[in-house]
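Engineer: The structure under discussion is supplied below as structure tokens; questions concerning it will follow.
Numbering (UniProt numbering), first residue to last: 1 to 149.
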């Protein structure tokens with residue numbers, strides 16, 4: 001019996017803009033594939049769930065090293081990462097991610113003032129730094145701004 005060649009090819013999903021319920025601005029929002037890198041499980045899950053409700057596709061990593069591996073294995077529009085994490089922090093992740101994926105948009109999160117100051121050195125590589133704790137509308141707006149940048 002002759003063999004039949006078989007290959008799986010990725011299908012590029014068309015990015016679409018939709019009006020998202022719960023957003024008071026009524027603006028159209030671009031749907032994106034977002035990698036959330038955060039060592040606090042509950043916060044990571046909460047943010048991922050909220051962004052999925054907005055129509056985004058999300059993936060999660062518990063530290064910078066895991067995040068970097070996921071970046072290498074997938075195609076992402078946005079990296080949303082905590083700064084202070086075990087194994088590899090968000091600053092190092094941002095440096096390596098931007099070197100490997102120059103078009104990747106990066107949004108960092110931190111609850112520490114000194115970490116925010118460290119992120120200032122990344123101004124050319126990141127879109128913004130979001131202070132924790134944050135309200136859900138704040139992170140949604142920050143993600144929308146980062147994707148539009």
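A virtual CB, placed ideally from N, CA and C, is assigned to each residue, including glycine.
If you're wondering where the values come from, they're calculated on a predicted model, not measured in any experiment.
From residue 145 to residue 68, what distance separates their C-alpha atoms?
Structural biologist: Their backbone Cα atoms lie some 23 Å apart in a straight line.
Engineer: To the nearest angstrom, how far is it from the Cα of residue 95 to the Cα of residue 46?
Structural biologist: Cα to Cα, the separation comes out at about 26 Å.
Engineer: Grab the span of the beta strand (DSSP E) containing residue 32 for me, first residue to last.
Structural biologist: Element bounds for residue 32: n/a, residue is neither H nor E.
Engineer: Just checking my contact of residue 79 with residue 43 at CB under 8 Å: how many whole Å lie between their CB atoms?
Structural biologist: Going by Cβ atoms, the distance from residue 79 to residue 43 rounds to 16 Å, so no, they are not a contact pair.
Engineer: With residue 141 as the anchor, note down where its alpha helix (DSSP H) starts and where it stops.
Structural biologist: First-last of the alpha helix (DSSP H) with residue 141: 136 to 148.
Engineer: Should residue 111 and residue 88 be called a contact, given that it needs their Cβ atoms to be closer than 8 Å?
Structural biologist: Not a contact, by the Cβ cut-off of 8 Å.
Engineer: Taking only the alpha-carbon atoms, compute the straight-line gap between residue 99 and residue 124 and give it to the nearest angstrom.
Structural biologist: In a straight line, the C-alpha of residue 99 is about 12 Å away from that of residue 124.
Engineer: From residue 37 to residue 135, what distance separates their C-alpha atoms?
Structural biologist: Straight-line Cα distance between these residues: approximately 18 Å.
Engineer: How would you write the range of the beta strand (DSSP E) that residue 105 sits in, first residue to last?
Structural biologist: First-last of the beta strand (DSSP E) with residue 105: 105 to 110.
Engineer: Please return the same chain residues whose Cβ sits closer than 7 Å to the Cβ of residue 70, not counting the five positions on each side in sequence.
Structural biologist: Cβ neighbours of residue 70 beyond the five flanking positions: 35, 59, 61.
Engineer: Give the straight-line distance between the Cα atoms of residue 108 and residue 93, rounded to the nearest whole angstrom.
Structural biologist: Residue 108 and residue 93: Cα-Cα distance of roughly 10 Å.
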